[in-house]
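In full-length UniProt numbering, the protein residues as written are 1 to 383. Beta carbons are placed, not taken as given, at the ideal position from N, Cα and C, and that holds for glycine. To keep things clear, I will list the structure first and then write my remarks on it.
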């Protein structure tokens, strides 16, 4: 079976895990879609694109010298039939964008795939349906609806163009599946798989990070925005301070411009704020050396932060919103009730009371990439 898999830099830490296993089961051709102005996201960090010309698509071999940590990709893509990058213009919608879509479709048509699998969809692909011949489409849905405080007209537009063409959709939590059905109805099949541990980050040794790491700290990591619940975490940390005088808190990640917390919550020598984009080696070091990673989200579908933590064998403490609890068992973390005002504080207290030397990390079996790709191939075959 020939499968074309279309993904993006902002999902690449997720998709690379599926790609590695999927390529062992099907003839897999991967296209990573980005724009000339988007050269860094998750595990993708490109210093520059090849010399600009009319060529739209570059194989991995053509850009690997400009791709940071390119050698880490090799074991993940070695079984792919092809692994190519497509650079759209900065102005993604327009005549140049149509030309890029046409060039991409020409390559896809030459492969003559049995299935095209879109790892979600982005506005760059607005014209692709005009040119691509394969009509068997699978579309991943990472976020059925926008998070609190986040709206994007482009997402709404591209979904209206491409969702009607899908044979079925994939979600990555039962909560997402239910949300998707509530919004889009039951006309198309929706199947649920799972996010899997992001093992790519385990390639980074702690010694490569320049961030000074405190002792005995809890970690919040990732973009800081309204729905992430950082304010709740700061209040709980304040409440725990007397019982755990040596405990520290690190909040690492770029803050959204429209989000802030009261100064009195962050004025403490025991709180470290790192308000910027984090390099992958910094992410790995921060997670590895923490006591646990905290996800106090106010709403969520699922979380890449949880899977990054699992890829580094680090336990998580998550709120019981959305699909977060589905991935967490007693062997890999704790789930607390967000409706309980003291829920997070109690969960942190319980976790900190455990003997760190007796903690055993073990994610759920159904979160493995091998298990999920086996299920995915069966779904392909059923189209």
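Could you check if residue i is buried or exposed, using at least 16 other CB atoms within 10 Å of its CB as the buried criterion?
i, result
"residue 245", "exposed"
"residue 92", "buried"
"residue 177", "buried"
"residue 113", "buried"
"residue 291", "buried"
"residue 258", "exposed"
"residue 294", "buried"
"residue 9", "buried"
"residue 19", "buried"
"residue 243", "exposed"
"residue 272", "buried"
"residue 71", "exposed"
"residue 277", "exposed"
"residue 90", "exposed"
"residue 157", "exposed"
"residue 74", "exposed"
"residue 363", "buried"
"residue 106", "exposed"
"residue 152", "exposed"
"residue 164", "exposed"
"residue 361", "exposed"
"residue 384", "The displayed coordinates of the chain run from 1 to 383. Any statement about residue 384 would go beyond what the structure contains."
If you draw a straight line from the alpha carbon of residue i to that of residue j, how long is it in whole angstroms?
i, j, result
"residue 194", "residue 118", "16 Å"
"residue 15", "residue 247", "35 Å"
"residue 129", "residue 44", "27 Å"
"residue 234", "residue 137", "44 Å"
"residue 134", "residue 310", "36 Å"
"residue 159", "residue 303", "22 Å"
"residue 241", "residue 365", "36 Å"
"residue 378", "residue 267", "54 Å"
"residue 100", "residue 132", "12 Å"
"residue 238", "residue 349", "12 Å"
"residue 380", "residue 217", "44 Å"
"residue 382", "residue 11", "26 Å"
"residue 144", "residue 301", "8 Å"
"residue 313", "residue 186", "38 Å"
"residue 21", "residue 270", "42 Å"
"residue 289", "residue 355", "16 Å"
"residue 166", "residue 139", "6 Å"
"residue 214", "residue 50", "41 Å"
"residue 168", "residue 353", "46 Å"
"residue 212", "residue 81", "42 Å"
"residue 84", "residue 253", "29 Å"
"residue 24", "residue 59", "20 Å"
"residue 32", "residue 180", "25 Å"
"residue 190", "residue 184", "10 Å"
"residue 203", "residue 155", "33 Å"
"residue 375", "residue 249", "40 Å"
"residue 371", "residue 251", "33 Å"
"residue 97", "residue 317", "43 Å"
"residue 1", "residue 188", "23 Å"
"residue 102", "residue 127", "8 Å"
Measure from the alpha carbon of residue i to the alpha carbon of each residue in the options, then state which is nearest.
i, options, result
"residue 373", "192, 292, 145, 155", "192"
"residue 223", "181, 166, 296", "296"
"residue 341", "308, 232, 225", "232"
"residue 227", "255, 200, 241, 243", "255"
"residue 210", "200, 322, 270, 286", "286"
"residue 95", "125, 109, 80", "125"
"residue 347", "83, 320, 84", "320"
"residue 201", "376, 17, 4, 5", "17"
"residue 38", "31, 30, 47", "47"
"residue 275", "221, 326, 339", "221"
"residue 367", "229, 351, 326", "326"
"residue 40", "115, 87, 219", "87"
"residue 142", "361, 154, 323", "323"
"residue 196", "308, 188, 115, 2", "308"
"residue 4", "111, 337, 69", "111"
"residue 344", "371, 236, 298, 299", "236"
"residue 78", "27, 188, 103", "27"
"residue 198", "102, 182, 306", "306"
"residue 29", "104, 162, 335, 205", "104"
"residue 76", "337, 13, 6, 146", "13"
"residue 315", "115, 108, 35, 219", "219"
### Task
Output the residue ranges of the beta strand (DSSP E) runs that lie fully inside the UniProt domain "Glycosyl transferase family 1" (209-358) and measure 3 residues or longer, sorted by chain position.
217-221, 248-252, 271-274, 292-295, 316-319, 333-336
### Cβ pair count under 8 Å reaching 3, the stretch 251-266 against the stretch 327-335
no
### Query
Would you say the stretch 109-123 touches the stretch 59-77, given that touching needs at least three Cβ pairs under 8 Å?
no
#### Entry: Segment contact, 8 Å Cβ cut-off, at least three pairs: the stretch 165-178 with the stretch 266-284
no
### Query
What runs of the alpha helix (DSSP H), each 4 residues or longer, lie entirely inside the stretch 44-113?
60-63, 70-77, 95-111
### Message
List, from N- to C-terminal side, the beta strand (DSSP E) runs of 3 residues or more that fit wholly inside the stretch 136-202.
### Response
137-140, 168-171, 189-192
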